[in-house]
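At position 499 of the sequence shown the residue is numbered 496 (my numbering), and the sequence of numbers has no breaks.
Backbone N, C-alpha and C define an ideal beta-carbon position, used for all residues, glycine too.
Quick notes on the structure that follows.
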Amino acid sequence: MSLLHPIISNNDTIDSSQSTANFSHTSLNPPDSSFVKLNIGSLNCRGLTKTAAASTRSQFILRYLRTRSLDLLALQETHASSSSIQDMFHSQFQASSSIWSPHCGLLSFSSNISFSNSIASICGRIISATIPHSSDALEPFSATVVYFPASRSERLRFLSTVLTDYCSVFSSFPSRSIVLGDCNYTYSNTSSSRNQQAPHSWLQYIDDHFFNGVTPPGKASCVTFQRGISQSCIDYIMLSNDLASSVAFDHCNTSYIQPVWSEHFQISSQLRLHRLFLLPLFKQQLYKALSKRVTTFDTSLSAAQKWEQLKLITAARTAKSFSRRLAYILSRAEDLLLHKKRTGLSQKLSIDPALRPVLDPQLKVVEDQLATLQKYHVETLALRSGIRWRERGAIPAGYLKRSVASRVSKKLIPPLIHPTSQSRCTTKEDMLDAAATFYTDLYSPDAIDPQAISDLLDALPASLRLSDSAAASVIAPIFFEDLVEAFSQVPEKSSPGTDGLPYQHVRLIVLHPECREIVLATFNNALSFADVPLSWLESCVSLLPKYGALDLLKNWRPIALINTDVKVFTRILSARMIETASALINPFQTGFVRDRFVADNGMLMKLVMEHAKLSSSSSIGLLLDQEKAYDRVHPTYLRAMCLAHMVINVNGFLSPRVPQCRGLKQGDPISPILFNLALEPLLRRILADSTLLGYALPLPASTLPPTTAAPTTVKMLAYADDIICLLNSPAVLQQLQSHRHVYSRASNAITWRSASLQHNITAWHDARSPTSVRYLGFPLYIYIAQRNVFLEQLLDKVRQGCLIHQQRGLSVRGRSTVLNSLILSKLWHILRVITVPVSFFNSINSVIPSFINFRIFPRISPPTSSVYQTPPQQLDHRFSLLFPRRRPSPLRHNKSSWSLLFKAIDRLPKDFSDTVVSASICLEIPLASVTLPSSSSVELGRSLTQ
């Protein structure tokens, strides 16, 4: 215990006769770095949308709230009643993630903090979320934002049922829980006044399980609301009792806010939570518990059952008990000695103020000792935080991108349209039923045609088979070294699955010597005999918004949160399959195949478009987009197991189990390569059809030998399910449709989105279209005007990105990183394929300096901001005479006195056949001066050919 905190033994005493605080027989050693500091704040912002002027709101948000160094901020009275207002607030705050309701908001400004299991009341007065710390594998805690009614009668009615209506938020025995916000009543320890403010059941619940996380014990609460001469304390941050040791009261504040912004004050509290998986003591306890559990296993249990118990019984319980024990240690040291001593002194002063000259020095000693105990590691944290920012803050694009990431993953699901009744859901139960009904239907396979499967597979060439050695490599046993390597490559930040265990925790179990045999047996039995742990068949689906009306479930993308041990297993299989699948997947499929690049498809389509324009071709390019591509893969067609089930997360509430009888899990490492293999028979069928001529490109001028010549006909290009088919005439559309029907009958796929138009073509694009069509992010244009429209749209996005990111207050280095890696990333993508005019670069160059020099003086000019380069030093001054490209720019123009000399020298015959040059001189010669056409009869000198 002494490794973590200074412990006060029973023999420790406080010497109150001294003027400085000290512990007898105890030294305050500097702590290790096994904790995380979290700053939490709350403020009633009195209606951001009602702020008098946009500039005032901007000052309030940008110049104050965003500079408060908060990791978590709760807002009340936001009036964020629409998604557009919520998106505007999220953009202005530049939060990492946020959750909004018409009355409340919860924002995270830390890239390490994410929200899960979000819950919002129908009335919008309560928002709750589970908050894990992804990088440090902390035990998650919950944060609940409240805004209780201001009217006493409404508040009493609301709070009288809140414990029963929201029992999942306010549990009977709350643990690692934070309740913060505007309560609209003054908390008091006297029952007579409390009964007038809120129901007794609610006040008793707070008394039993929570404490004030802003005001230290024994001190009076500060004013948090002021209107004229009226003052009161109605805003609180309440922490569950098990977090008592985690509060740093010396960093808890009540900050005055000018009335033009809000009549409420901002309150803040600082928590210091321990990193479980970095503590040697935690590892010791975990390994001890694992060893004990392994020795008591029943011999009749399978390896999968033993693995489940190691995860769910030993590991999870050890983590929770260890965290709570740490909290109890420091809490006991403070509560039983220092806080008790301070409370006693304060009570004596309140009873007899005449004792103040005697008791004040003693009270100061106790408070100083408390302050020392609570802030003895602040300086170390501040130093580490500063170093981390200086080393990482302005350099990695990922760090900056996460700090300004958009809040798509945390958008609350609005009332849904029930897929059966087509009525709008108004209750939590109706929304859960709607989600369960929709996804049960989506993941229920339709009848397939075995003959269609045979037709697809019989059309594949006999050579399209895995060799015996390749097949053996896929199903080869998994060794311990494979697991160690797989865990070494996992991401630092990843959401855990239903078991709640991050990669770091599972890795500790895998590395335990006594668990090695169980781990290997579990993974190899799953590979060879499909004997998988039950938790591997479970997943929790989070819904991410797409485009369109968000009250329709089809406009939400289901992302499966899979247990980390499953992802390690599938990552091993995926790596093996990718190595062998390249020989099975046709060269026109570039998605998720090693050594294939998305820009290859874009460049080939550009060549096709340019040649079609020059030849006035009547060919057609048909873009195919499979609806719910991953979700409709039939298990029989893919020969995948169909026993998996999932639950749908709807605003933090979990739906009943939904059996996944078809489809691939989005988020599973093995899903992309499995989907490619499922789609391959359709692509091969199209390529093998002799009636589909595709588009013929001319052979290059220098014809290659037939065995190595590139294909002259392009029928199809694919990147995963984004397919473009090139048809020589509209007459063959029906033949392509027949292939689609065969594939649909075999696999449940819906290849075209709409059946409203003939041939299911939903949009038409040709030379008369004002804009270009997009393929894999690249514009496919026929005329320059179409390209220019695309470039103008891209320029607008660059300007908008600069406006958003220039408010971040980044350093010049940070702005350069954001500019290159985020704002201009789309430009770098398209420049691989398309050419742009100089005028476009001039427009870009006019935007970049404004972003780099925003609020910077003196301004940084482009020559200053670029990397300094010294002019090339010529080995010999005669290079300028022999090679025009090596002549200084001032001497090149016709008005120069050197121009006549250069023209005369250029007319002189030059014979280098007998010239011997060194390697260093060869590097000085311009490349254009030593490059000869392939048809040239000029022979290079011996020294140049070596």
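Three-state class that DSSP yields for residue i in the structure shown
i, result
"residue 980", "A question about residue 980 goes unanswered here, because the residues of the chain that appear run from -2 up to 943."
"residue 558", "strand"
"residue 447", "helix"
"residue 722", "strand"
"residue 553", "strand"
"residue 93", "coil"
"residue 563", "helix"
"residue 658", "coil"
"residue 947", "With the chain covering -2 to 943 only, the question about residue 947 has no answer from this structure."
"residue 72", "strand"
"residue 585", "coil"
"residue 673", "helix"
"residue 461", "coil"
"residue 36", "strand"
"residue 294", "coil"
"residue 598", "helix"
"residue 839", "helix"
Neighbourhood of residue i by C-beta, 6 Å cutoff - its chain only, sequence neighbours within 5 removed
i, result
"residue 802", "815"
"residue 494", "558, 559 and 560"
"residue 198", "none"
"residue 762", "770"
"residue 848", "799 and 803"
"residue 888", "895"
"residue 229", "183 and 222"
Contact belief for residue i with residue j at Cβ below 8 Å, rounded distance in angstroms
i, j, result
"residue 663", "residue 556", "5 Å"
"residue 175", "residue 208", "That pair is no contact at about 11 Å."
"residue 498", "residue 308", "6 Å"
Residue i versus residue j: straight-line alpha-carbon distance, rounded
i, j, result
"residue 224", "residue 259", "10 Å"
"residue 719", "residue 114", "33 Å"
"residue 472", "residue 171", "47 Å"
"residue 797", "residue 818", "15 Å"
"residue 434", "residue 545", "20 Å"
"residue 895", "residue 884", "10 Å"
"residue 677", "residue 773", "19 Å"
"residue 716", "residue 533", "29 Å"
"residue 453", "residue 501", "44 Å"
"residue 153", "residue 146", "9 Å"
"residue 469", "residue 578", "13 Å"
"residue 618", "residue 727", "10 Å"
"residue 418", "residue 219", "53 Å"
"residue 791", "residue 838", "12 Å"
"residue 832", "residue 922", "29 Å"
"residue 683", "residue 455", "14 Å"
"residue 474", "residue 301", "16 Å"
"residue 162", "residue 426", "12 Å"
"residue 440", "residue 234", "43 Å"
"residue 920", "residue 878", "17 Å"
Cutoff 7 Å; reference residue i; Cβ partners in own chain excluding five residues on either side
i, result
"residue 41", "73, 74, 179, 232, 259 and 261"
"residue 742", "445, 446 and 449"
Environment of residue i [buried if 16+ CB atoms lie within 10 Å]
i, result
"residue 907", "exposed"
"residue 164", "exposed"
"residue 903", "exposed"
"residue 780", "exposed"
"residue 239", "buried"
"residue 535", "buried"
"residue 352", "exposed"
"residue 194", "buried"
"residue 182", "buried"
"residue 782", "exposed"
"residue 806", "exposed"
"residue 746", "buried"
"residue 810", "exposed"
"residue 722", "buried"
Test: residue i CB closer than 8 Å to a CB of chain D
i, result
"residue 553", "Absence of chain D from the displayed structure is noted, only one protein chain being present."
Residue i: CB within 7 Å of a non-hydrogen atom of the ligand SAH
i, result
"residue 921", "Ligands displayed in this structure: none; no statement on the ligand SAH is therefore possible."
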